[in-house]
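> Structure incoming, see below.
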Amino acid sequence: MSGLIKTSFVNGKFVDVQGHEEILKNINPSNPAHIVDQFARADVALTEQAIAAAKAASSVWAHSNPQTRADVLDKIGTEILERREELARLLSVEEGKIFKEALGEVERAGRSFKFYAQEALRAVGEKYNSVRDQVGIDVYTQAIGVVGIISPWNFPIAIPAWKIAPALCFGNAVVFKPAELVPSSAWALAEIISRSSLPDGVFNMLIGPGRKVGDTIIRSPDVHAITFTGSEQTGRQVAEIAASRLARVQLEMGGKNPLIVLDDAELELAVDVALQGSFFSTGQRCTASSRVIVTTGIYDSFIARLEEKTRALKIGDATDPDTDIGPVVDEKQLKQNLSYIRAGQDEGATLVYGGEHLPKENGGYYFTPALFTNVQPHMRIYREEIFGPVLCVLKVNNYEEAFAAAEDTPFGLSAGIVTTSLKYAEDFKRRSSAGMVMVNLATAGVDYHVAFGGNKASSLGSREQGTYARQFFTKVKTTYQLA
Ligand code: UN1
1352 MSGLIKTSFV NGKFVDVQGH EEILKNINPS NPAHIVDQFA RADVALTEQA IAAAKAASSV
1412 WAHSNPQTRA DVLDKIGTEI LERREELARL LSVEEGKIFK EALGEVERAG RSFKFYAQEA
1472 LRAVGEKYNS VRDQVGIDVY TQAIGVVGII SPWNFPIAIP AWKIAPALCF GNAVVFKPAE
1532 LVPSSAWALA EIISRSSLPD GVFNMLIGPG RKVGDTIIRS PDVHAITFTG SEQTGRQVAE
1592 IAASRLARVQ LEMGGKNPLI VLDDAELELA VDVALQGSFF STGQRCTASS RVIVTTGIYD
1652 SFIARLEEKT RALKIGDATD PDTDIGPVVD EKQLKQNLSY IRAGQDEGAT LVYGGEHLPK
1712 ENGGYYFTPA LFTNVQPHMR IYREEIFGPV LCVLKVNNYE EAFAAAEDTP FGLSAGIVTT
1772 SLKYAEDFKR RSSAGMVMVN LATAGVDYHV AFGGNKASSL GSREQGTYAR QFFTKVKTTY
1832 QLA
């Protein structure tokens, strides 16, 4: 542990420790005795200062030269990529994601900044002839103003990056609140941003609790738009408050993503896609496949091979190169996983393997990936998002039954199918109500340069990432002029 107490970043500097703040300890879930960092928690007053600083800086940044914005974003992206190994180690230690996955996440964060560096230079408008003589019309986009960014713990750097980069790219000022479980990656990112030549106040980061910091951001009349990734329950509250004051909102919430495995699938590929989508990153992804829907012909061989490969997975310290699955993020999440395992058993599902707390000397929050069969569609483990490595298998007779089962959920983030049939692959892509559909690929693990998001209870508002992000981070202006 570094002796230093780290702080929030407001109006161009890391604030001084006052001495009266609550102290937040960032705990390593692989080894809870290890305190990664300590933070002085921001309060309502500091959050208000950050919002005021963002408001004051927003109009200069909104009208800044696009080359200036491109250079700032490119510089941030370059440093993230240059320091990828160090940042990945930090991420792995604070979140429990294995190093290889953490490295992928850091690269994605760096590349998001690089993508939006280029996007800052792209054309933004259209010219029209008016239906009235001698009138010209321009339609183009402008910055919205101040954007509130609230990010979750499961992607400590990639999600902040794919929200902050487009916000800055399109000329907005930012008030960013990372999840309290993973402040160290966010702090490292803020430190990189602090040296990027952004004018003071354009970027602010507050490390503190949702009930104070998050709430103040969401309710402030000076925050014009809020982008949030997290639980459905919190997302609904964010949306209600934002709607009550007519602020723009973008929500990415839960998933209960289906993966269909058809008789004609290649067995090894199907098993690997299920393992990757359901168990990797400890199942802590809103895109994880937690419902695997399998047709009868391949069912027995699929389950046998899946069980064999699940048993072979190594659970351990996230930074150990031999580890396949790191710990659960904290004790609360571990207890929640265990309670869902009991609920599944009580409702009559068969626990084929896993679902246990795996005690180790250092007391990490280790949990063996769980494989349930004999699952029925009404069971809680099949309907509710667990956010852990818990895979429920549903047996069906044919593609049509599989399709109906896949659709039977309040969520609609991602959906996958493993098949060698072009007909079923095409049909599934066309008819699925999910926002992202994968064929012969895991439901989780997406590119950084294309639209990301879901439908139904998974998402609200326009898409994140890629060129689609412009819709959320800008407003449209239409001008008319007499020639
Ligand atoms: C991915 O699967 O690559 O919170 C990204 C989440 C998502 C991101 C998933 N917003 O899990």
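By the numbering used here, the letter at position 158 of the sequence shown is numbered 1509, and the numbering carries on one by one without gaps. Glycine is no exception: its CB is placed at the ideal position from the N, C-alpha and C atoms. The model shown is predicted, which means the values in this text are computed figures rather than measured ones.
To the nearest angstrom, how far is the alpha carbon of Val1769 from that of Phe1754?
As a first step, residue 1769 is located in the sequence shown; it is residue number 418 there, counting from the start. As a first step, residue 1754 is located in the sequence shown; it is residue number 403 there, counting from the start. Distance between the alpha carbons of Val1769 and Phe1754: 12 Å.
> Using 8 Å as the cut-off, can you tell me whether the segment 1396 to 1404 makes contact with the segment 1439 to 1446, which would need three or more C-beta pairs spanning the two stretches below that distance?
They do not touch, by the three-pair rule.
> At a threshold of 6 Å, does Asn1505 count as lining the ligand UN1 (C-beta to nearest heavy atom)?
The residue you call residue 1505 lines up with position 154 of the sequence shown. Checking every heavy atom of the ligand UN1 against the Cβ of Asn1505, one is found closer than 6 Å.
> Out of curiosity, what's the CA-to-CA distance linking Leu1519 and Leu1424?
For the purposes of this step, residue 1519 is taken as residue 168 along the sequence shown, with counting starting at 1. For the purposes of this step, residue 1424 is taken as residue 73 along the sequence shown, with counting starting at 1. Leu1519 and Leu1424: Cα-Cα distance of roughly 8 Å.
> Kindly examine the ligand PLP and report whether one of its heavy atoms sits closer than 6 Å to the Cβ of Thr1638.
Within the structure as shown, the ligand PLP is missing, the only ligands being the ligand UN1.
> When you compare each of Thr1647, Thr1633, Leu1597, Lys1607 to Leu1613 by their alpha carbons, which one comes out closest?
Position 262 of the sequence shown, counted from the first residue, corresponds to residue 1613. It is Thr1647 whose Cα lies nearest to the Cα of Leu1613.
> What span of residues does the alpha helix (DSSP H) with Pro1740 cover, start to end?
As a position in the sequence shown, residue 1740 is number 389, starting the count at 1. Element bounds for Pro1740: n/a, residue is neither H nor E.
> Kindly examine the ligand UN1 and report whether one of its heavy atoms sits closer than 6 Å to the Cβ of Gly1565.
For this step, residue 1565 is matched to residue 214 along the sequence shown. No, since every heavy atom of the ligand UN1 falls outside the 6 Å radius drawn around the Cβ of Gly1565.
> What residue does the beta strand (DSSP E) around Tyr1479 start on, and which one ends it?
The count along the sequence shown starts at 1 and reaches residue 1479 at position 128. Its beta strand (DSSP E) spans residues 1476 to 1480.
> Buried or exposed: Asn1555, going by 16 or more other Cβ atoms within 10 Å of its Cβ?
What you label residue 1555 is simply residue 204 of the sequence shown in a count that begins at 1. Flag for Asn1555 reads buried.
> I'd like to check one pair, Phe1738 with Gly1606: are the Cβ atoms closer than 7 Å?
Within the sequence shown, the letter at position 255 stands for residue 1606. Within the sequence shown, the letter at position 387 stands for residue 1738. Not a contact, by the Cβ cut-off of 7 Å.
> Are the C-beta atoms of Gly1796 and some chain B residue less than 7 Å apart?
Annotation note: the requested chain B is absent from the structure, which comprises a single protein chain.
> Examine the Cβ distances between the segment 1515 to 1532 and the segment 1406 to 1415 and report whether three or more of them are shorter than 8 Å.
Yes, the segment 1515 to 1532 is in contact with the segment 1406 to 1415.
> Since Tyr1491 is in the beta strand (DSSP E), which residue starts that stretch and which ends it?
On the sequence shown, residue 1491 is found 140 positions in, with the first residue counted as 1. That run of the beta strand (DSSP E) goes 1486 to 1494.
> What are the boundary residues of the beta strand (DSSP E) that Tyr1831 is part of?
The residue you call residue 1831 lines up with position 480 of the sequence shown. Segment 1825 to 1833, the beta strand (DSSP E) holding Tyr1831.
> Are Ile1431 and Gly1455 close, meaning C-beta to C-beta below 7 Å?
The sequence position of residue 1431 within the sequence shown is 80, counting from 1. The sequence position of residue 1455 within the sequence shown is 104, counting from 1. No, the pair does not count as a contact, with Cβ atoms beyond the cut-off.
> Between Glu1682, Glu1619, Thr1633, which lies nearest to Ala1655 when the distance is taken from Cα to Cα?
Residue numbering aside, residue 1655 sits at position 304 when the sequence shown is read from its first letter. For Ala1655, the nearest C-alpha among the options comes from Glu1619.
> Do you know offhand how far Tyr1467's Cα is from Ile1611's?
Here residue 1467 corresponds to residue number 116 of the sequence shown, with the count starting at 1. Here residue 1611 corresponds to residue number 260 of the sequence shown, with the count starting at 1. Going from the Cα of Tyr1467 to the Cα of Ile1611 covers about 35 Å.
> Within 10 angstroms of its Cβ, does Glu1712 collect 16 or more other Cβ (buried), or is it exposed?
The residue you call residue 1712 lines up with position 361 of the sequence shown. Classification of Glu1712: exposed, given that the 10 Å Cβ count is below 16.
> Could you tell me if Gly1715 is buried or exposed, where buried requires 16 or more neighbouring beta carbons within 10 angstroms of its beta carbon?
Walking along the sequence shown from the start, residue 1715 turns up at place 364. Burial call: buried.
> Suppose the cutoff is 6 Å on Cβ atoms and the five residues either side in sequence are ignored; what does the same chain contact list for Leu1463 look like?
Within the sequence shown, residue 1463 is the residue found at index 112, counting from 1. First, the residue type needs correcting, since residue 1463 is Ser and not Leu in the sequence shown. Contacts found: Ala1512, Trp1513, Ala1516, Tyr1799.
> Considering only DSSP beta bridges, list what Ala1576 is partnered with.
On the sequence shown, position 225 is the one that residue 1576 refers to. Beta-bridge pairing links Ala1576 to Val1498, Arg1599.
> Compute the Euclidean distance between the alpha carbons of Arg1483 and Asp1489, then round it to the nearest angstrom.
Working through the sequence shown from its first residue, we reach residue 1483 at position 132. Working through the sequence shown from its first residue, we reach residue 1489 at position 138. Each residue's Cα considered, the two are about 14 Å apart.
> How many angstroms separate the CA atom of Gln1418 from the CA atom of Ala1471?
Taking the first residue of the sequence shown as position 1, residue 1418 is located at position 67. Taking the first residue of the sequence shown as position 1, residue 1471 is located at position 120. Their Cα atoms are separated by approximately 7 Å.
> CA-CA distance, Ala1593 and Thr1825?
What you label residue 1593 is simply residue 242 of the sequence shown in a count that begins at 1. What you label residue 1825 is simply residue 474 of the sequence shown in a count that begins at 1. Computed Cα separation, rounded: 17 Å.
> Please report the distance separating the alpha-carbon of Ala1541 from that of Pro1507.
As a first step, residue 1541 must be located in the sequence shown, where it is residue number 190. As a first step, residue 1507 must be located in the sequence shown, where it is residue number 156. Distance between the alpha carbons of Ala1541 and Pro1507: 12 Å.
> When you compare each of Ala1776, Phe1579, Ala1785, Val1744 to Val1498 by their alpha carbons, which one comes out closest?
By 1-based counting over the sequence shown, the position of residue 1498 is 147. The shortest C-alpha separation from Val1498 is found at Phe1579.
> Please classify Thr1633 as buried or exposed, where buried requires at least 16 other C-beta atoms within 10 Å of its C-beta.
Here residue 1633 refers to the residue found at position 282 when the sequence shown is read from its first residue. By the 10 Å Cβ count, Thr1633 comes out buried.
> Consider the C-beta atom of Gly1796 and the heavy atoms of the ligand UN1; say whether any pair is separated by less than 6 Å.
To locate residue 1796, count along the sequence shown from 1; it is residue 445. Yes; taking the cut-off as 6 Å, the Cβ of Gly1796 has a heavy atom of the ligand UN1 nearer than that.
> Could you have a look at Met1352 and say whether DSSP puts it in helix, strand or coil?
Here residue 1352 is taken as the residue at index 1 of the sequence shown, counted from 1. Because the pLDDT at Met1352 is just 44, under 50, the model does not fix this residue reliably, and the value given afterwards should be weighed accordingly. Coil.
> Just the Cα atoms here: how many angstroms apart are Glu1617 and Ile1449?
Taking the sequence shown and counting its residues from 1, the one referred to as residue 1617 is at position 266. Taking the sequence shown and counting its residues from 1, the one referred to as residue 1449 is at position 98. So the two alpha carbons sit approximately 28 Å from each other.
> DSSP three-state label for Thr1724, please.
As a working note, residue 1724 is residue 373 in the sequence shown. It is a strand residue.
> Give me the residue from Val1395, Asn1748, Pro1609, Ile1386 with the minimum Cα distance to Ser1784.
Residue 1784 sits at position 433 when you count from the first residue of the sequence shown. Among Val1395, Asn1748, Pro1609, Ile1386, the Cα nearest to that of Ser1784 is on Pro1609.
> Over the uninterrupted alpha helix (DSSP H) stretch that includes Arg1440, give me the two end residues.
Along the sequence shown, read from residue 1 onward, the residue named residue 1440 stands at position 89. Segment 1435 to 1446, the alpha helix (DSSP H) holding Arg1440.
> Please find out if some non-hydrogen atom of the ligand UN1 comes closer than 6 Å to the beta-carbon of Glu1458.
For the purposes of this step, residue 1458 is taken as the residue at position 107 of the sequence shown. No, the ligand UN1 has no heavy atom inside 6 Å of this Cβ.
> Using the DSSP secondary-structure output, state which residues sit across from Arg1562 in a beta bridge.
As a working mapping, residue 1562 is identified with position 211 in the sequence shown. DSSP output for Arg1562 lists no bridge partner at all.
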